[in-house]
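These protein sequence lines map, in sequence, to chains F and P.
Note that the first sequence covers residues 0 to 289 in numbering that gives the first Met the number 0.
Note that the second sequence covers residues 0 to 410 in numbering that gives the first Met the number 0.
Step one of this worksheet: look at the structure below.
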Amino acid sequence: MPGPRYTSLLLLAPAIALFALLTLYPLGRGLLLSFFVTDYGLEGALFVGSENYRELLGDRFFRRATWNTVVFTLLATVSEVGLGLMLALMMNRSFPGRRFVIPALVAPFVLSTMVVTAIWSAWFHYDFGFLNNLLRAAALPPVEWLSDPDLAMLSLVLVDLWQTAPFAFLILLAGLQAVPPEVYEAARIDGASPRQILLTITLPLLTPHILLAALLRCIDSFKIFDKVYALTGGGPGNATETLSMYVYRLGFRFFDVGLASAAAVIMVVIAGLLAAIYVLKIIGGQSHVG
Amino acid sequence: MKRLATAMLAGAVLFSTASTQAETLVIAGRDGSYGEALKLAVEMYEAKNPGLETERLELPGGGLLEKVTIAMREKAGAYDVIMLDDPWAVEFMANGWLADLDKLGGGVDEDFVKPARDVSRYPVGSGPFYAVPFVGNVELFAYRKDLFEKHGLERPQSWTDVLEAARTINKAEDGVSGAVFRGKKANPIVTGFLPILWAHGARVVGTDGKAHLDSDAALEALELFLALRDYAPKGIETYNSTEVRDALMQGTTAMTIELWPSWAPSLDDPAKSKVPGKIEIMAAPGQVQGPAPMLGSWLLAVPAGAKNPERARDFIDFLTSPEMQKTLALEVGIPPTRASVYKDAEVIDRYRWYPAQVEALQNAQPRPRITQWSRVEAILGDYLQLALIGEMTPEDALEEANGKIARALTR
């Protein structure tokens, strides 16, 4: 009869085996391939040491893709959590029609990304798009939403904000509804103003939820691919090319597996660092509260 | 006894299912008008071959390349017939991914236009046939005859004439751009630029297999291409074939520096065009060299690992027969690859530009026959767009592109 320690190991074994097979093996294989020049499906691989990494770091397109990815991640995460928070605060009270407004707010989140990009692609059209028609109606000049290199990234953030701010909103609304009403009642009895209640009670109590929403959005935004692929293809120039697009092109257009693996390894390292900051913050916050 | 009877019955059912299982043909092809053509052809072929089940994938150019390349590299045997753009075919033929059509039987007769026939063989022009030309595309040039006459402009003989005409018309005509082209990165911007580059006597990859973009001729060509941007519509950086065709058919541009025949079979149809009969089509102008129309032939091939190669070969013969080429030209506007179809009175009557088109096709130049063309094209497309949006000077763009292409050619 095995002891409790062996029983728990036995019960964990299938999960560990799956993790090793589906996560650790591809990661290890990717790391190994990043030191070779090898062409997918063709025979032979040439060991080149750190040459692939040197080539990537010297490539303006890779550096720009890294920068674009970080910029997109920061802008999308901050704006989505910010908008989600505002919406959650507005919806955390009763008003007529609330049960219709909340599903309407969440609707973009349930749409497929390809549908979302098709909608926005039509809205962004310079000559016939809804957005430029609005601007023209307001006697303002039309805007090159996707073809202006300075604006294209912001346009992508706008699409992402429209589609995924509802996700942050749902997490934060759930967090707000978990705060006991007695806390607010006590604060009001003590004469706290709405602003004081927001800053000293609501936001501190909501911090773990805000961090969770930010972590999830940050990880998801860092992997951005579909919206870029469908709306700009990484252009104009390389103004919106992200790391996922860059890796995809190397791997699935040029089948340069070694270089694509090296780029993917760098991507994993950056994503890991970003996630580590959040995780440490959350764990640190929890131990502080404890 | 009862058990034995049940087992025999089950066996009989299984046997009959297996014996009546339909023969299948899996085709990977393009979307748009090519997809319409394949659909029509498949329906007609199925009608002639009852019991045959056909699966047809309809994909955009980039998606098709990705899917079929992965299938070939994985030796998946997923497709019986694949459609290939001629510059992709070199990699497929060189790597032994395609079946030798001579061995499958049938050959490729001499009625097919020579440049398209040549790129269907490997080594080019001399080796066995690995493909059959299906779409006789050649890159052409189109301009508005009425606007040229109105402003006293002659039919452009050189790219300098094109630039001058674009400037004149752009200045004089409200709501009409001087010229339009595909500015989208990767393949679109490269195919728009190549005829200008070639006409200037420059090359991306020379006959020695090395990168040759660091030349004065290439720089002059790029400067002229970028000068055209000033007379192009806003947002030209995102233009692809749909936008170019729309601009031409809506009468909002005086010229398109790139027109593929399959884009615009309805140029003279008043229901679809606002300027029927006013668009003149010709081979792209020359500059220091004569016109250098680009071959853009789409080919049909049978993968080496196809599960139903004999049927695939038969279907390709059906699809590229003179009768079918005529039907597809008349019904869908697919440019034929057979010289005899271009002489057909009914076809010429429908498409007045076909004599000019077949002349351009007979003299068409293929893109470099190198296995790395997809990557070279992507690199050039990236740098051309950086120059187009003003993020790099033409000199820097060409120099950096040349270095990167040189490295890609060694990988």
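Just so it is clear, CB atoms sit at the ideal spot from N, CA and C, and this is done for glycine as well.
Can the beta-carbon of residue i be found less than 8 Å from the beta-carbon of residue j?
i	j	result
P/Ile404	P/Ala210	yes
F/Ile170	F/Ala212	yes
P/Ala359	P/Val340	no
P/Pro59	P/Asp30	yes
F/Ser260	F/Ser33	yes
P/Glu236	F/Gly40	no
P/Val175	P/Tyr238	no
F/Ala167	F/Gly83	yes
P/Gly234	F/Ser154	no
P/Leu223	P/Ala141	no
P/Thr53	P/Leu83	no
P/Pro334	P/Leu103	no
Name, please, each residue of chain F whose Cβ falls closer than 9 Å to the Cβ of residue i.
i	result
P/Lys184	Gly232, Gly233, Gly234, Pro235, Gly236, Asn237
P/Glu65	Phe251, Arg252
P/Ser373	Arg252, Phe253
P/Glu390	Pro148, Pro235, Gly236, Asn237, Ala238
Buried or exposed: residue i, going by 16 or more other Cβ atoms within 10 Å of its Cβ?
i	result
P/Glu399	buried
P/Ser296	buried
P/Ser261	buried
P/Glu242	buried
P/Tyr78	buried
F/Thr22	exposed
P/Lys184	buried
F/Leu197	exposed
F/Ile223	buried
P/Pro122	exposed
F/Leu242	buried
P/Leu385	buried
Would the C-beta of residue i count as close to the ligand PLP, meaning under 7 Å from any of its heavy atoms?
i	result
P/Asn94	By its list of ligands, the structure shown contains no ligand whatsoever, and the ligand PLP lies outside what it can speak to.
Please determine, among the options, the residue with the shortest C-alpha to C-alpha distance to residue i.
i	options	result
F/Arg248	P/Asn48, P/Glu54, P/Ser32, P/Gly62	P/Gly62
P/Lys277	P/Ala283, P/Thr251, P/Ala386	P/Thr251
P/Gln286	P/Arg154, P/His199, P/Pro127	P/His199
F/Asn237	P/Asn239, P/Tyr230, P/Leu379	P/Leu379
P/Ala282	P/Ala300, P/Lys271, P/Ile256	P/Ile256
P/Arg349	P/Ala311, P/Thr326, P/Phe314, P/Ala363	P/Thr326
F/Phe35	F/Glu50, F/Val142, F/Leu26, F/Leu84	F/Glu50
P/Met293	P/Pro86, P/Trp352, P/Pro308, P/Pro365	P/Pro365
F/Thr206	F/Ile188, F/Ala117, F/Val178	F/Val178
F/Asp219	F/Ser7, F/Thr72, F/Ala19	F/Thr72
P/Lys113	P/Ala363, P/Trp372, P/Arg406, P/Thr392	P/Ala363
P/Gly264	P/Ser119, P/Arg351, P/Glu45	The identity of residue 264 of chain P in the sequence shown is Pro, whereas the question assumes Gly. Nearest C-alpha to P/Pro264: P/Arg351.
P/Arg310	P/Tyr33, P/Leu51, P/Leu146	P/Leu51
P/Arg432	P/Glu54, P/Met92, P/Lys273	Because chain P spans 0 through 410 in this model, residue 432 of chain P falls outside it and cannot be assessed.
I want to verify the contact list: residues of chain F whose CB lies under 7 Å from the CB of residue i, in sequence order.
i	result
P/Gly234	Tyr125, Glu143, Ser146
P/Ala396	Those within 7 Å of P/Ala396 in chain F number zero; the least Cβ separation is about 10 Å.
Kindly say whether residue i, judged by its beta-carbon, lies nearer than 8 Å to any beta-carbon of chain P.
i	result
F/Gly48	no
F/Tyr39	yes
F/Leu211	no
F/Ile15	no
F/Arg248	yes
F/Val77	no
F/Val36	yes
Which residues in chain P sit within 7 Å of residue i, going by Cβ to Cβ distance?
i	result
F/Phe60	Asp381
Is the Cβ of residue i closer than 8 Å to any Cβ of chain F?
i	result
P/Ala253	no
P/Leu385	yes
P/Pro393	no
P/Ala46	no
P/Ala377	yes
P/Arg366	no
P/Glu73	yes
P/Arg228	no
P/Arg29	no
P/Leu327	no
P/Arg244	no
P/Arg310	no
P/Arg413	Past the edges of chain P, shown from 0 to 410, lies residue 413 of chain P, and the structure says nothing about it.
P/Ile168	no
P/Arg410	yes
Cβ of residue i less than 8 Å from any chain A Cβ?
i	result
F/Val158	No chain A is present in this structure, whose protein chains are F and P.
Name the chain F residues whose beta carbon is nearer than 8 Å to that of residue i?
i	result
P/Thr237	Leu145, Ser146, Thr231, Gly234, Pro235
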